[in-house]
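Engineer:
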Amino acid sequence: MASISSLGAGSGLFSSDLVDQILNAEREPTEVRLNQKQQRTEAMISAFGTLKSAVEGLRSSMEGLSSADGLMAFNTSSSNENTVGVSMDESQVNNGTYEIDVQQLARSQSLASTTFADRDSTTVGTGTMTINVGGTATDITIDSSNNTLEGMANAINESGAGVNARVVDTGSGFRLGLSSAESGTANEVQVTVADGDGNNTDTGGLSQFVYDGTTQNLEQTVAAQDALLTINGIDVSRSSNNVSDAVEGLTFELKGTGASTIKVEEDSDAVADRVQAFVDKYNEFQNVVRSISGFNADTGQGGLLNGDSTIRNLQNDLREVISSVVPGLENGTVRTLADIGIATDPDDNGKLTFDQSVFKDKLDQVPGEVAQLFAEVDGAEGVAARITAIADNMLASDGTLSNRTEGLNEKLEGIREERNQLDMRMESMRERLVKQFTAADQLISQLQSTQDFVSQQLAALAPSSSQNG
């Protein structure tokens, strides 16, 4: 590349600033066009991103309504939370009232050793301890590395034997405590040993921790017991205070003895809220469509995506679902969304209104038809299933929105390539100008030198001509 550091030094007519001015004048129209093209493309990508978010929101609101379970909601209550708490699996429960009378809470068995002088220096014997909980036996080796109360407790806890071990400071010595990790008589604990001193049942060495029903060198401080209760007068026994398999869909948390009334009731307000969420998301979608593709008659300007076929087709598909009769309900009380209080707002074209009182009345009178209106029943797709399918097609990795966005990103890549080509063209032009200006500068410089020489010669002849005259 020709240097321009001394451009114009000979003539003073050409300079690097002049080159820059010419290049800028040449670059500006193309750069303005590319900037405008890039800004519009980026704005369109952003607009499709906003549309995608709106479709995702609409789809999300429909997912819960696309199955019959989504059109059912229940609430539960306990008349005495201090005695019985309750939780539910909404997909499995039914209306009902349950009188619960808790006679006994489940408890874990606890055992304790005799007293030792120290927790981590007094030796307790060596050998193998076998802990059996609920028929599962675990062997634990006790040797010189852990034959203290503290060492034994750590070894038991690390063994996964199903018991929790701890050392208790009684104030007059230390005792090893063992508690079954799970409550109930099915999880009672038995301890046998293979004592290193050869005697497995005496009170010396490892044998002092035996508790096997025959030899009881450990003291039972808490007996295992099952929870005992009645549910509507039916006797129930469980090993845990969380009773999850007595009544389908309900889990009773037993907290104390006594009586409590559990009620399970349909919650039409909760279902109406789910439908309201759909209406809200649909209206948000319409707001987005209006902002990016609508036409303002007052200003005569349309949105960035005004007239776009993707948006037009999407709106047409959704309008058809919103207004059409659901297959299988042609002769029903509920045929379309309008029958359950969802209608097009006459004052705000495209948006929906929702009368919850109408909806809750229909849900109470014909719950099956309301469920079929939204959900897929016997292979017939309801409104929710159809809208979800439309949204899935739009949002798929090879769907319309992805394809449009990919095409716009390719357009941005083309703009970047045009910028690179512009840069190369300008660089080539710069080199050409510098060569041309350098050559012109040199020529002018030579002419100036010739002029200076001629002037000097003429000046030298002037005195001689004067004398001759």
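FYI, the numbering used here numbers position 456 of the sequence shown as 479, with every residue one higher than the one before it.
Note that beta-carbon positions come from the ideal geometry of N, C-alpha and C, so glycine has one too.
(1) Just the C-alpha distance for serine 39 and asparagine 47, rounded to the nearest angstrom, thanks.
(2) Just how far apart, CA to CA, sit leucine 18 and serine 102?
(3) Please work out which residues of its chain come closer than 8 Å, Cβ to Cβ, to valine 78, disregarding the five sequence neighbours upstream and downstream, and give them in chain order.
(4) Would you call the segment 159 to 166 in contact with the segment 238 to 246, where contact means no fewer than 3 C-beta pairs closer than 8 Å?
(5) Indicate the three-state DSSP secondary structure (helix, strand or coil) for threonine 428 in the structure shown.
(6) Considering only C-alpha positions, which residue in the set Ala70, Val107, Asp141 and Met449 is nearest to threonine 274?
(7) Quick check: the Cα distance between aspartate 384 and serine 314, rounded to an integer number of angstroms?
(8) Using a Cβ-Cβ cutoff of less than 6 Å, which residues in the same chain neighbour valine 191 once the five nearest sequence positions on both sides are dropped?
(9) So the candidates are Leu328, Ala482 and Asp446; which of them puts its Cα closest to the Cα of glutamate 51?
(10) In chain order, what residues of the same chain lie with their CB nearer than 7 Å to the CB of glutamine 479, ignoring the 5 residues before and after it?
(11) I want to know whether the segment 389 to 396 touches the segment 81 to 100 - three or more CB-CB distances under 8 Å.
(12) Under 8 Å, with one C-beta from each stretch per pair, do the segment 198 to 218 and the segment 132 to 140 reach the 3-pair mark?
(13) Tell me which residue opens and which closes the beta strand (DSSP E) that threonine 253 is part of.
(14) Would you mind giving the Cβ-Cβ distance between arginine 508 and phenylalanine 71, rounded to the nearest angstrom? I have them listed as a contact below 8 Å.
(15) Determine, using beta carbons only, whether valine 349 and glycine 272 come nearer to each other than 7 Å.
(16) Are the segment 428 to 441 and the segment 57 to 66 in contact at 8 Å, needing three or more beta carbon pairs?
(17) Does DSSP put methionine 111 in a helix, a strand or coil?
(18) Enumerated in chain order, which unbroken segments of the beta strand (DSSP E) with a length of 3 residues or greater are wholly contained in the segment 263 to 310?
(19) Please list the terminal residues of the continuous beta strand (DSSP E) segment that includes methionine 95.
(20) Looking at C-alpha atoms only, which residue of Val109, Asn117 and Ala66 is the closest neighbour of serine 283?
(21) Grab me the residues of alanine 32's own chain with a C-beta within less than 6 Å of its C-beta, minus the 5 sequence neighbours each way, in chain order.
(22) Does the distance from the CB of threonine 153 to the CB of threonine 215 come in under 7 Å?
(23) Alanine 398: buried (16+ other C-beta within 10 angstroms of its C-beta) or exposed?
(24) Can we say the segment 289 to 303 touches the segment 344 to 358, given the rule of at least three CB pairs closer than 8 Å?
(25) Do you know whose CA, among Thr149, Leu172 and Met175, lies nearest leucine 229's CA?
(26) Which residues in the same chain have their Cβ closer than 8 Å to the Cβ of valine 381, if we skip the five residues on either side of it in sequence?
(27) Is leucine 431 near isoleucine 68, with beta carbons less than 7 Å apart?
(28) Just to confirm the assignment: which complete alpha helix (DSSP H) runs, minimum length 4, are found wholly within the segment 194 to 231?
(29) Going by DSSP in three states, serine 83 sits in which element: helix, strand or coil?
(30) Where does glutamine 444 land, buried or exposed, given buried means 16+ other C-beta within 10 angstroms?
(31) Is serine 262 near the ligand NAD, judged by its Cβ being under 6 Å from some heavy atom?
(32) Where does asparagine 264 land, buried or exposed, given buried means 16+ other C-beta within 10 angstroms?
(33) Return the chain-ordered ranges of every alpha helix (DSSP H) run that is complete within the segment 332 to 403 and spans a minimum of 4 residues.
Structural biologist: Taking the geometry as given:
(1) The residue you call residue 39 lines up with position 16 of the sequence shown. The residue you call residue 47 lines up with position 24 of the sequence shown. Each residue's alpha carbon lies about 12 Å from the other.
(2) Beyond the ends of the chain as shown, which are 24 and 492, falls residue 18; an answer cannot be given.
(3) To locate residue 78, count along the sequence shown from 1; it is residue 55. Excluding its 5 nearest sequence neighbours in each direction, valine 78 has C-beta neighbours in its own chain below 8 Å: Phe308, Leu337, Ala414, Met417, Leu418 and Leu424, listed in chain order.
(4) The segment 159 to 166 is not in contact with the segment 238 to 246.
(5) The count along the sequence shown starts at 1 and reaches residue 428 at position 405. It is helical.
(6) Along the sequence shown, one-based indexing puts residue 274 at 251. The residue with the shortest Cα to Cα distance from threonine 274 is Val107.
(7) Along the sequence shown, read from residue 1 onward, the residue named residue 384 stands at position 361. Along the sequence shown, read from residue 1 onward, the residue named residue 314 stands at position 291. Cα-Cα distance, rounded: 36 Å.
(8) To locate residue 191, count along the sequence shown from 1; it is residue 168. Around valine 191: Arg198 and Gly200.
(9) As a position in the sequence shown, residue 51 is number 28, starting the count at 1. Distance from the Cα of glutamate 51 is smallest, within the candidate group Leu328, Ala482 and Asp446, for Asp446.
(10) Here residue 479 refers to the residue found at position 456 of the sequence shown. Correct list: empty, nothing qualifies.
(11) As far as the Cβ criterion goes, the segment 389 to 396 touches the segment 81 to 100, which means the pair count is three or higher.
(12) The segment 198 to 218 is in contact with the segment 132 to 140.
(13) Here residue 253 refers to the residue found at position 230 of the sequence shown. 250 to 254 is the span of the beta strand (DSSP E), which, as asked, contains threonine 253.
(14) The question about residue 508 has no answer, for the chain in this structure spans 24 to 492.
(15) Within the sequence shown, the letter at position 326 stands for residue 349. Within the sequence shown, the letter at position 249 stands for residue 272. Judged by their CB atoms, valine 349 and glycine 272 are not nearer to each other than the 7 Å cut-off.
(16) These segments touch.
(17) For the purposes of this step, residue 111 is taken as residue 88 along the sequence shown, with counting starting at 1. DSSP, reduced to helix, strand and coil, places methionine 111 within a strand of the structure shown.
(18) DSSP runs (the beta strand (DSSP E)) wholly in the segment 263 to 310: 273 to 277 and 281 to 289.
(19) Taking the sequence shown and counting its residues from 1, one reaches residue 95 at position 72. Counting along the chain, methionine 95 sits inside no beta strand (DSSP E), nor does DSSP assign it H or E at all.
(20) Here residue 283 refers to the residue found at position 260 of the sequence shown. With respect to the C-alpha of serine 283, the residue from Val109, Asn117 and Ala66 having the closest C-alpha is Val109.
(21) Position 9 of the sequence shown holds residue 32. Unreliable placement is indicated for alanine 32, whose pLDDT of 48 sits below 50; no coordinate value is reported for it.
(22) For this step, residue 153 is matched to residue 130 along the sequence shown. For this step, residue 215 is matched to residue 192 along the sequence shown. Less than 7 Å divides the Cβ of threonine 153 from the Cβ of threonine 215.
(23) Residue mapping note: residue 398 aligns to position 375 of the sequence shown, counting from 1. So alanine 398 counts as buried.
(24) With a cut-off of 8 Å, the segment 344 to 358 and the segment 289 to 303 do not count as touching, because too few Cβ pairs lie within range.
(25) Taking the first residue of the sequence shown as position 1, residue 229 is located at position 206. Among Thr149, Leu172 and Met175, the Cα nearest to that of leucine 229 is on Thr149.
(26) Sequence index remark: in the sequence shown, residue 381 carries index 358 (1-based). Sequence-distant Cβ neighbours of valine 381 in its own chain, meaning closer than 8 Å and more than five residues away, are Ile363 and Gly364.
(27) If you number the sequence shown from 1, residue 431 lands on position 408. If you number the sequence shown from 1, residue 68 lands on position 45. Contact check for leucine 431 against isoleucine 68 passes: the beta carbons are separated by less than 7 Å.
(28) With a minimum length of 4 residues, no continuous alpha helix (DSSP H) run stays inside the segment 194 to 231.
(29) Indexing the sequence shown from 1 puts residue 83 at position 60. DSSP, reduced to helix, strand and coil, places serine 83 within a helical segment of the structure shown.
(30) For the purposes of this step, residue 444 is taken as the residue at position 421 of the sequence shown. Under a 10 Å Cβ-count criterion, glutamine 444 is classified as exposed, with fewer than 16 other Cβ atoms of the shown protein chains found around its own Cβ.
(31) Questions concerning the ligand NAD fall outside what the structure shown contains, since it holds no ligand whatsoever.
(32) By 1-based counting over the sequence shown, the position of residue 264 is 241. With 16 or more other Cβ atoms from the protein chains shown falling within 10 Å of its own Cβ, asparagine 264 counts as buried.
(33) Fully enclosed alpha helix (DSSP H) runs of 4 or longer: 332 to 346, 379 to 388 and 390 to 397.
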